[in-house]
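This report concerns only the one structure given below.
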Amino acid sequence: MLKLQQVSKTYGNKNIKAVDNISFEVNPGEIFGFVGPNGAGKTTTIKMMVSLLKPDTGKIFINGIDNQENILEAKKQFSYVPDNPELFEKIKGLEYLKFMADVYEVPTTERQKLIEKYLDIFEIKEAVNDPIGSYSHGMKQKLALVGALIHNPEVFILDEPMVGLDPKASFELKKIMREHCDQGKSVFFSTHVLDVAEKICDRIAIINKGKIIEVGTMDEIRAKAGSHESLENIFLELTE
Amino acid sequence: MKELINLTKLFINDSLGLSLFFYNRTNNKKEFSKQLFTLIIVPIALIPAFFFYVFFMIALYTGLKVIDQTSVFLSAGYIFISFLIIVFGIMYILSVFYFSKNTEELISLPITPRKIIISKFASILIFEYAFAALLFVPVLIIYGVGEGMGLGYAILALVVLLTLPLLPLSLETALIMLIMRSSRVKGRKDFLQIIFVFLAIALVIGVQFWFGTQVSSSAEVDFQILLNSLLTNNESLLNSIGYFFPSSFLVAWGLNRLTLMSVVWIFSLVLITTLSFGFMVFIGERFYFTSLVSGKIARKGRTLSGIERGKFLGKKGHGAMAIFSMDMRLLLRTPVYFFNNVSVVIIVPLVLLVSLSFAELSPENINGVREFYREMPMVINFMFIGFFVFFGGTSATTATTFSREGKASWLTRIVPVSASDQIIGRTASALIVQSLGILCTLIGVYFFMPLTLTTVLLTVIMGLIGSLPILLFGLFIDMNRPLLDWDNPQKAVKNNMNVMITLFIGMFYVVMLIAICGALGYFVNQWVSYAVYIIVSLIITIAFYKKINKDLEKRLLAF
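So this is what it looks like as structure tokens:
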């Protein structure tokens with residue numbers, strides 16, 4: 001469903017690679033966690049997946065579509081919520097959602113049903129007629145989530161989705177992620193909250209200094225590490 | 001004091017992006033060379049204007065010397081420069097104190113509000129000193145050399161220069177802070193910012209008209225005599241303006257003739273300036289931070305019912321329409337964008353209308369123009385076409401279309417909207433802005449010269465078609481060098497070289513096209529000229545459309 005093949009990215013004139021020849025695959029029906037220390041290359045990798053950055057080398061396939069060759073079709077396959085969703089401050093919440101529904105061609109019959117459903121779940125119905133500039137960080141995150149969910153994407157890509165969300169919204173998001181995968185679709189998300197990754201992810205990749213140092217299910221990672229410890233301990237050992 | 005200097009440095013660094021500039025020098029050579037080019041080309045471009053200004057001032061002084069009226073020279077220069085500082089200061093003060101987000105980051109730090117206010121003000125002042133020195137030093141030197149002044153004059157002149165931007169800016173900042181804290185303003189700050197800017201423009205236009213009426217009433221006279229009559233015949237007017245700038249009297253009394261009293265007058269000026277600065281800090285401490293915090297409470301919309309939400313979400317819309325709606329909303333709701341991209345199409349026709357009203361055209365003149373229009377409609381038609389295309393070039397709507405989105409551009413870059421829909425949506429918003437200018441012009445002109453339906457249709461259609469190459473060129477430039485890394489929307493348009501590039505190249509193109517087509521119309525046939533104009537415009541439009549359509553999706557990956 002999501003496939004990275006030998007992807008690399010270097011910034012500016014520096015010879016240090018932000019992402020260094022990484023490859024992995026996310027299967028249908030899978031929640032895939034992406035963990036790593038600050039500056040490890042998580043956000044750069046995600047930006048390349050969602051067509052915000054061009055890899056220097058390598059290929060990225062989303063639902064079988066090359067996101068560098070067939071850019072528009074690839075964009076239709078995923079939704080993305082960044083770690084700090086900068087949205088147009090002068091636009092009202094509902095105007096933003098209509099924009100998203102229009103550009104993702106959500107049918108008239110479905111758009112209102114889905115928007116009402118997610119507005120209820122994230123409890124921002126009262127605020128949708130207000131300018132986004134008046135929203136808190138958490139509310140912006142919730143609005144970005146609603147906007148990303150209304151076209152029921154094949155691949156749901158999230159960068160640090162739990163940051164800024166209240167406990168209830170965080171709980172609801174985890175539920176939505178699982179339900180999404182139960183439909184045979186995929187979720188890819190980066191996080192620093194290793195407990196969450198351990199509990200909800202079907203598979204996990206650990207990235208450090210631009211390289212994937214481990215990928216697999218929790219059991220596989222434990223087996224390779226030769227311990228029965230938590231992801232947190234394994235992570236600390238691997239990234240030291 | 002050290003903290004004040006550090007804070008001021010921080011604000012200047014933040015507003016100019018110095019750290020990023022030096023970072024790019026070692027880490028991103030391509031970006032660095034772009035920034036360096038801008039840094040070099042802008043001052044070079046301003047050199048001719050500076051020499052023209054110095055020449056103008058020398059001419060003014062020489063003229064005044066002939067009629068023994070040099071006493072008004074310094075105060076006239078002082079008033080003129082103070083006026084410019086006030087006009088340009090409005091956007092600058094709003095930008096530093098209200099648009100910039102860095103204050104919010106500093107509020108929670110253990111820094112006294114007074115230091116933040118003074119540092120912010122100092123960051124404005126440094127640039128205003130450079131501006132004031134550039135304009136006022138030639139005035140001081142011309143007068144000093146002309147009158148054979150000595151060291152005492154030089155010292156007092158330096159003191160006057162030091163007070164020049166400080167006094168008007170202090171009072172202006174205090175006034176803006178007082179207005180922005182008003183309870184009625186809460187939630188309407190965007191609207192108020194637009195009003196501020198329109199007021200500033202009204203002020204500039206007012207002065208231009210005053211100057212214009214003086215020029216028109218003294219037609220066909222020598223340039224120096226004209227300047228002299230402007231000042232001497234309007235001594236009372238100069239005095240009236242002086243009352244708005246009472247400090248100009250102190251400058252004149254202090255510097256025109258050096259006596260012991262000069263020191264007293266200049267000391268009074270320093271005292272008034274210091275008090276004004278103190279007043280600004282006092283007002284800032286009282287009201288700036290409270291208004292800033294309350295200003296975060298944006299005007300809320302009422303809660304909508306499910307039916308209302310459903311009605312709004314409506315039917316499935318087209319991608320181009322979605323891009324267009326978003327672009328238009330941003331243009332109309334962001335004061336800086338509204339002012340830079342939209343207001344020109346309202347102001348320019350308004351200026352045209354008012355100047356025609358002031359011109360006091362005699363019935364013979366009007367009939368002469370109408371007769372000319374009947375005889376040579378093509379000339380008038382091309383004049384209107386040129387004017388309409390001017391709106392396309394100057395509004396710079398497409399030349400900043402991606403830049404205006406700033407850090408939120410990730411959204412329009414990841415959504416699956418085809419390049420053609422992006423082009424149509426973004427160009428359509430520019431065409432709507434331009435059409436507004438065309439409509440305002442046609443309404444204005446209607447009162448002076450009824451145009452035939454053929455002229456109206458021809459000029460509107462050709463005006464829109466002729467501006468398409470410029471609009472698409474703007475889009476092409478902004479697609480290739482968007483300015484996205486800003487924390488203040490002002491930078492997206494004011495610091496954006498794409499605007500200047502599009503404006504210069506666009507205007508050059510249209511002048512050439514109209515000149516060639518006009519010549520064709522004069523020597524061959526007017527309909528041939530219209531046809532050539534349309535064909536050339538369409539060919540360039542199609543060429544740019546194809547180029548952008550081919551490259552845009554890939555360019556969006558590399559912003």
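The listed protein sequences correspond, in order, to chains A and B. Going letter by letter, the first sequence gives residues 1 to 240 in the UniProt record's numbering. Going letter by letter, the second sequence gives residues 1 to 559 in the UniProt record's numbering. Note that the Cβ used here is the ideal one computed from N, Cα and C, for glycine as well.
If only uninterrupted beta strand (DSSP E) runs of at least 3 residues are considered, those enclosed by the segment 69-145 of chain A are 78-81. Under DSSP, Phe-189 (chain A) forms a beta bridge with A:Gly-33, A:Leu-158. In the structure shown, Asp-182 (chain A) adopts helical secondary structure according to DSSP, grouped into three states. Taking CB atoms only, Met-100 (chain A) has a neighbour in chain B less than 9 angstroms away. Proximity of Ile-121 (chain A) to chain B, defined by a Cβ-Cβ separation below 9 angstroms, is not satisfied.
Judged by their CB atoms, Asn-495 (chain B) and Pro-482 (chain B) are not nearer to each other than the 9 angstroms cut-off.
For Leu-167 (chain B) and Ser-82 (chain B), the gap between their C-alpha atoms comes out near 9 angstroms. Per the coordinates, the alpha-carbon of Ser-429 (chain B) lies some 40 angstroms from the alpha-carbon of Gln-5 (chain A). In the three-state reduction of the DSSP assignment, Val-160 (chain B) falls in the helix class, which pools H, G and I. Counting along the chain, Asp-478 (chain B) sits inside the alpha helix (DSSP H) bounded by residues 453-480.
When DSSP reads this structure, Arg-114 (chain B) sits in no beta bridge, so it has no partner. Interface with chain B (9 angstroms Cβ-Cβ cutoff): Arg-111 (chain A) is included. Gln-422 (chain B) is bridged by DSSP to nothing; it lacks a bridge partner. With a 10 Å radius around the Cβ and a threshold of 16 neighbouring Cβ atoms, Leu-151 (chain B) comes out exposed. Within chain B, the residues placing a beta-carbon under 7 angstroms from that of Asn-129 (chain A) are Gly-301, Arg-302, Thr-303, Leu-304, ordered along the chain.
Taking 8 angstroms as the upper bound for CB-CB distance, Thr-502 (chain B) and Ala-399 (chain B) are in contact here, some 4 angstroms apart. At a Cβ-Cβ threshold of 9 angstroms, Arg-426 (chain B) and Asp-327 (chain B) count as neighbours. In chain A, no part has a C-beta under 8 angstroms from the C-beta of Lys-547 (chain B); the shortest such distance is about 17 angstroms. The segment 225-233 of chain A makes no contact with the segment 56-63 of chain A; the number of CB pairs closer than 8 angstroms stays below 3. The bridge partners DSSP lists for Ser-8 (chain A) are A:Thr-57. Chain B places a beta carbon closer than 9 angstroms to that of Tyr-80 (chain A), counting this residue as a contact. With three or more CB-CB distances shorter than 8 angstroms, the segment 68-77 of chain B counts as touching the segment 138-153 of chain B. With a cutoff of 9 angstroms on beta-carbon distance, Thr-273 (chain B) and Ser-247 (chain B) are scored as near each other.
Ranking B:Glu-375, B:Phe-50, B:Val-281, B:Thr-303 by CA distance to the CA of Asp-130 (chain A) puts B:Thr-303 first. The beta carbon of Gln-526 (chain B) is closer than 6 angstroms to those of Met-378 in its chain, skipping five residues each way along the sequence. Within the model, the alpha-carbon separation for Lys-3 (chain A) versus Val-81 (chain A) is close to 19 angstroms. For Gly-216 (chain A), the enclosing beta strand (DSSP E) begins and ends at 211-216. In this chain, Ser-51 (chain A) is not harboured by any alpha helix (DSSP H), its DSSP state being neither H nor E.
Considering only B:Val-456, B:Phe-196, B:Val-536, the residue with the shortest C-alpha distance to Phe-88 (chain B) is B:Phe-196. Think of a sphere of 9 angstroms around the beta carbon of Thr-108 (chain A): the chain B residues whose beta carbon falls inside it are Leu-313, Gly-314, Lys-315, Lys-316, in chain order.
Cβ-Cβ distances below 6 angstroms link Thr-44 (chain A) to Lys-9, Ala-18, Val-19 in the same chain, with the five nearest sequence neighbours on each side left out; the list follows chain order. Scanning its chain for C-beta atoms nearer than 7 angstroms, with the 5 sequence neighbours on each side dropped, one finds around Phe-277 (chain B) the residues Leu-166, Ser-170, in chain order.
Our two residues, Val-344 (chain B) and Ile-438 (chain B), have alpha carbons roughly 11 angstroms apart in a direct line. The Cβ atoms of Leu-87 (chain A) and Lys-140 (chain A) lie closer than 9 angstroms to each other. Excluding the 5 residues flanking it on each side, Pro-37 (chain A) has same chain C-beta neighbours closer than 6 angstroms at Thr-239, in chain order. The segment 440-454 of chain B makes no contact with the segment 514-533 of chain B: fewer than 3 CB pairs, one atom from each, lie closer than 8 angstroms.
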